[in-house]
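The UniProt record's numbering numbers the first residue of the sequence shown as 1 and each following residue consecutively.
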Amino acid sequence: MKLSLGPLQYYWPKEKVIEFYLAAESWPVDIVYLGEVVCAKRRELKLEDWLAIAERLTAAGKEVVLSTLILLEADSELSRLEKICNNGQYRVEANDISAVHLLDGKHKFIAGPHINSYNAGTLSILHNCGAIRWVMPFELGQSTLQRLVAEKPTSMETEVLVYGRLPLSFSARCFTARADNVPKDQCELRCISDVKGLPLQTQEGQELFTINGIQLQSGVPCNLVGEVNALKDMGVDVLRLSPEVEHMDVFVALFNEVIANQRNSDEAFEIMQDLFSQQEWCNGFWYEEAGMNWKNIQQQA
């Protein structure tokens with residue numbers, strides 16, 4: 001079983017992005033996904049900058065995958081997508097069916113979590129187009145995953161997000177701009193100030209959503225550290241962690257130790273709780289409940 005670092009969801013300054021991936025060179029992750037996946041207006045890093053980061057990560061022994069935008073709205077974005085799909089060096093994670101179309105029969109690729117891979121027929125079609133791995137859509141649960149792993153094409157790998165805020169929806173409108181009462185085309189890229197998104201709470205103070213530009217995320221991170229052994233038993237090939245601004249090196253190390261049976265999930269979870277004394281988590285989708293629900297690791301046992 002391998003560990004992957006998913007694409008960065010937030011808009012960070014260029015220097016912070018470079019610093020983050022310089023640190024990741026020494027982390028025990030096997031696969032690193034790079035690129036802007038949320039908003040085409042986020043251009044702190046150009047494709048050439050991402051490729052320079054990719055080159056360093058490759059030299060450090062990581063498999064690099066270039067991720068594509070989830071929502072394309074302009075011809076210029078399609079042109080950028082074509083450049084990514086035809087980069088000639090790195091595999092691509094297709095997060096939109098237009099990317100699948102560009103890659104079909106030309107390059108092997110990864111079917112991202114935003115492709116609606118809900119049944120074995122879809123996985124078979126994607127595999128025939130060239131998909132060598134699929135990432136489970138975030139809203140699916142354990143029984144669906146177990147069925148799809150059993151029914152998918154034999155040579156197709158499976159990847160599951162086990163840590164990070166869950167992308168729930170995307171819109172042509174920008175929620176961050178709306179929060180400041182400005183139009184999207186006058187947003188001034190203000191989301192660069194929200195390094196872990198903008199929290200949205202209920203009137204009772206419960207974390208409900210996280211605003212991230214045109215994306216809505218879960219209010220708290222998903223955490224499946226207690227399910228690593230179950231995922232192993234199902235035959236999942238890759239566990240994905242989504243980049244966060246704090247303690248990412250520790251989370252990567254903990255998941256790596258649980259995978260390698262160097263630490264049990266109870267111990268790993270206790271360390272996570274010590275790092276974030278007030279942090280709440282969610283794993284409801286895994287149990288086929290409301291996604292914001294949480295069953296703690298003792299309840300799982």
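All C-beta atoms in this analysis are idealised placements derived from N, C-alpha and C, irrespective of residue type, glycine included. Model, not experiment: these values are computed from the prediction.
Under the three-state DSSP convention, the category residue i falls into
i	result
G197	coil
L231	helix
I214	coil
N223	strand
F209	strand
C191	helix
N256	helix
D180	coil
A24	helix
K152	coil
E19	helix
V250	helix
K14	helix
Q186	helix
A301	Caution applies to A301, whose pLDDT of 47 falls short of 50 and renders its modelled position unreliable; the model cannot decide the point.
Whether residue i touches residue j by CB criterion (9 Å)
i	j	result
E36	P7	yes
Y118	L145	no
A120	E151	yes
Q186	A172	no
E280	E207	yes
I211	G197	yes
N128	L102	no
Y21	L34	yes
F170	I70	yes
L5	V252	yes
V162	N95	no
M10	V195	Note that residue 10 is Tyr in the sequence shown, not Met. Contact flag set, yes.
T158	V238	yes
I192	E44	yes
M234	V149	yes
For residue i: DSSP bridge partner residues
i	result
Y33	V65
V238	K2 and E159
C282	C222
Unbroken beta strand (DSSP E) run spanning residue i, endpoints
i	result
Y163	E157 to G164
residue 305	Look at the range of the chain in this structure, 1 to 301, and you will see that residue 305 is not part of it.
For residue i, the first and last residue of its enclosing alpha helix (DSSP H)
i	result
M292	Here M292 belongs to no alpha helix (DSSP H), and DSSP marks it neither H nor E.
Q273	S265 to L275
W50	L47 to A59
Next item on the list: Can you check the segment 64–149 for any beta strand (DSSP E) of at least 3 residues that lies completely inside it and give the ranges in chain order?
Entry: 91–94, 109–111 and 131–135, all fully within the segment 64–149.
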